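First the structure, in the form of structure tokens, and then the observations on it.
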Amino acid sequence: MTDNLDKTYTAPKAPVLRLRPTPENEGIKEGQLDVPRHRDGPWIRHPDEIEESVCTLSNAQFPLDIDVENYRIFHRERMTAFTKYIRQWPKSERSGQIEVKQVTIVESLVDMERMLETSKDKIERAVEQTFVNCDIYLEPGQAWPPSNMERFGRDWSWNARGVYYRHHYSPHWVTADHDLWIPTIDDSMFDDPTEEHRRARAKNFLLHVMDNERWNKSEYAWEADAWTDVFGQMRNDPALAADKREYYAEIPDVHPVSCTLTGKSRFAKRIPDATFGLATFRPKHYQNAVASYELDAERLQALALHRYCGLISDPRCGEADLVFPFAVYEAKGWNGDPREARHQACAAGAAYLDMMDALARVPGPSEVRDREYQFEESHSAQVFALTSFGAQWHIMVGYRRPRLKREHAGHPGVSDTVYLYQRVWSSRIADERSAWKLLYLVDQIHDWGVTTFRDYIIRHLKAWHRFGRVAWAGDASTLRFILGKDFATCGKTITFDTPGWAKNFGADFKTELKQKSGKLLIKICIEEQPGEPYVRCVVGRCGTEHYPGYAIFSPEEHLRHYARVHNGTINESAISAFKEMHRRVALDVAETFKASHSEERRKRALEAYDERKGKRVKRNFQGTGSP
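With positions in the sequence shown counted from 1, the corresponding number in this note's numbering is that position plus 944.
What follows is the structure, encoded as structure tokens:
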């Protein structure tokens, strides 16, 4: 059992935020700490155990752009020279001159069919060793044997991209500007009567696990049982959306020898086994108690499609059905690789953290980097990554932050951003108690997702929706001005540029985005058509945070509303004031409509638009050649 949270305590029902405490060693000078120092890696439990001299390595021991064959020659010559140097010493002095600083144990991939007859603890230790794989993080420019490059190159490549995994959770790994929440286990609750339903679920889950192991079933069986037995309640929650949903990411290329970034990248599509995010709603769903106006599907899609917003909320870019994922799951059967499951889950979580980071910042075009955060606690976005290798489960929590000095910040060939994952819990599901613990933790993540996390997302969306309304209103005004009042039936439309995130997609996808934007723009124009003049009452409950005010279309209606709803006194002064108010509104609407729909101006703008469109078509034709 590798359960490092059994002795913690929390309430069994709702999850409680556990904030980062003040480090116990804060204020202690470096020389006062007497602990062994090691190279930084996944097994390190505390920052004070890291050998700082290694982390500050700045001079590469070999050219970072060297190819594989030349590196083998370089390393062979280097070892020959080193051996020759050692042999100059007398044999009696060699043992005193050489100090073993660290030993790396390379484990072979776990063969579950062979190990199934051994004890539960031995199986867990073997799987954990394989899961971690490399016990040292990337050290750019450090010359390792070619065999190490081949064995650990994938882990080091993800370090260069910013993804780090720590096997032991500690609040000391969390920077002071983040408040991570993690689920906890109260082991004494197992026999509590209130846990009867969860124990029944655990017993059913255990039966499926034992059956899968007995018959050595494929990855599909493990994944299907997880959907039903572990994530069933999340799947049935109307506030959440769960799917085997693809995401798109620009993955930096890594040099095969140095494992550092080359400056190039490739655009990739990945499909995790399960993704959990927030559900969206449409007008027909608003009678649902959990529906939220901020999570309206069409409004979120509008934010993604507009070139000045480009806020991606759904991993399936351009859609808005499953938004802002907070948990991802990857399953592997016995024939799979637990290391691959970790890499895939952490890479997906990194993409989701990028989406939440864009949301948390002040609204603006996606091309503008490093905008200010909306609130002081906006940094505190996090995701959960869950993996299973047969019956062995891992739960990790990850967050996003700038790269630190100990991670070689500023070194060429590494990312500026780090996605740090820490193991919260892991165990082999071999009995009812371990199955119950997994469900106990997942149910807490579920509760956190529909409460704290959902509130965080909704709070940050409000500013984006205000920004998006202004952006789309400008396009709607342009459309009405150029095409006139018959814009919805004239058979023409105006196409605007696609958002910045669409640059890596193909021409067909961009055309589809423009069509979606065009339809959405026409709908917005129809809804905003200037009709009968009116004023809005925002007194008292008539104007709320989400409603712009009660529409009133005549002075007579205004007087009745003023008297009945607001208990106002009707006199000559009130009658005169309301009549004057509606007269001015009617004049303003008429002048605005006349100015924006002048026939002469409309024709000139339409001719200019057709001319620009013709030039674009001509350039595209010349660029592609005759058919």
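We treat Cβ as the ideally placed atom computed from N, Cα and C, and that holds for glycine.
Just so it is clear, the structure is predicted and the values come from calculations on it, not from any experiment.
By the CB criterion at 7 Å, L1249 and K1447 fall outside the cutoff. Leaving aside the five residues that flank K1213 on each side, the residues in its chain whose CB is nearer than 7 Å to its CB run, in chain order, E1190 and Y1192. Contact between the region 1289-1309 and the region 1256-1268 is established, with three or more Cβ pairs separated by less than 8 Å. Looking at the backbone, the Cα of A1183 and that of H982 are separated by about 46 Å. Taking the Cα of L1457 as reference, the smallest distance to any Cα among V1306, G1280 and G1254 is reached at G1254.
Residue pairing for W1337: DSSP places it in a beta bridge opposite S1332 and S1371. Spatial neighbours of Y1494 in its own chain (CB-CB distance under 6 Å, excluding positions within 5 residues in sequence) are listed in chain order as C1481 and C1486.
By the neighbour-count criterion, in which 16 or more other beta carbons inside 10 Å mark a residue as buried, H1409 falls on the buried side. For D984, there is no enclosing beta strand (DSSP E), since its DSSP letter is neither H nor E. By the 16-neighbour rule on beta-carbons within 10 angstroms, P1346 is exposed. Here K1045 is exposed, its C-beta having fewer than 16 other C-beta atoms within 10 Å. In this structure F1333 is in contact with V1071, their Cβ atoms being roughly 6 Å apart against a cut-off of 8 Å. Residue pairing from DSSP places C1481 in a beta bridge opposite Y1494.
With fewer than three CB-CB distances shorter than 8 Å, the region 1350-1364 does not count as touching the region 1132-1141. The way I'd put it, the region 1059-1075 does touch the region 1275-1284; three or more beta-carbon pairs between them come closer than 8 Å.
The three-state secondary structure of G1393, taken from DSSP, is helix. The beta carbon of V1483 is closer than 7 Å to those of H1510 in its chain, skipping five residues each way along the sequence.
According to the DSSP secondary-structure assignment, E1194 is paired through a beta bridge with F1211. Where R1110 is concerned, the enclosing beta strand (DSSP E) starts and stops at V1107 to R1110.
Counted as a single uninterrupted DSSP element, the alpha helix (DSSP H) harbouring P1499 occupies residues P1499 to R1508. A distance of 7 Å or more separates the beta carbons of V1174 and G1221. Only exposed fits V1312, as fewer than 16 other CB atoms lie within 10 angstroms of its CB. Straight through space, the alpha carbons of F1440 and P1499 are spaced by roughly 41 Å. DSSP places Q1318 outside both helix and strand once states are collapsed to three, so it counts as coil. Annotated three-state conformation of I1010 is coil, per DSSP. Beta bridge pairing from DSSP links Q1086 with no other residue. Taking the Cα of C1203 as reference, the smallest distance to any Cα among Y1081, M1023 and L1465 is reached at Y1081. Around the Cβ of N1003, a 10 Å sphere holds fewer than 16 other Cβ atoms; the residue is exposed.
7 Å or more divides the Cβ of V1306 from the Cβ of A1289. Within the DSSP secondary-structure output, Y1343 pairs in a beta bridge with L1364.
Closest option to T1062, judged by alpha-carbon separation, among E1524, A1374, T1396 and G1462: A1374. Residue burial is scored here from C-beta neighbours: I1042 has fewer than 16 other C-beta atoms within 10 angstroms and is therefore classed as exposed. Runs of the alpha helix (DSSP H) lying entirely within the region 1019-1068, each at least 4 residues long, are 1035-1041 and 1056-1059 in chain order. Judged by their CB atoms, C1469 and R1527 are not nearer to each other than the 7 Å cut-off.
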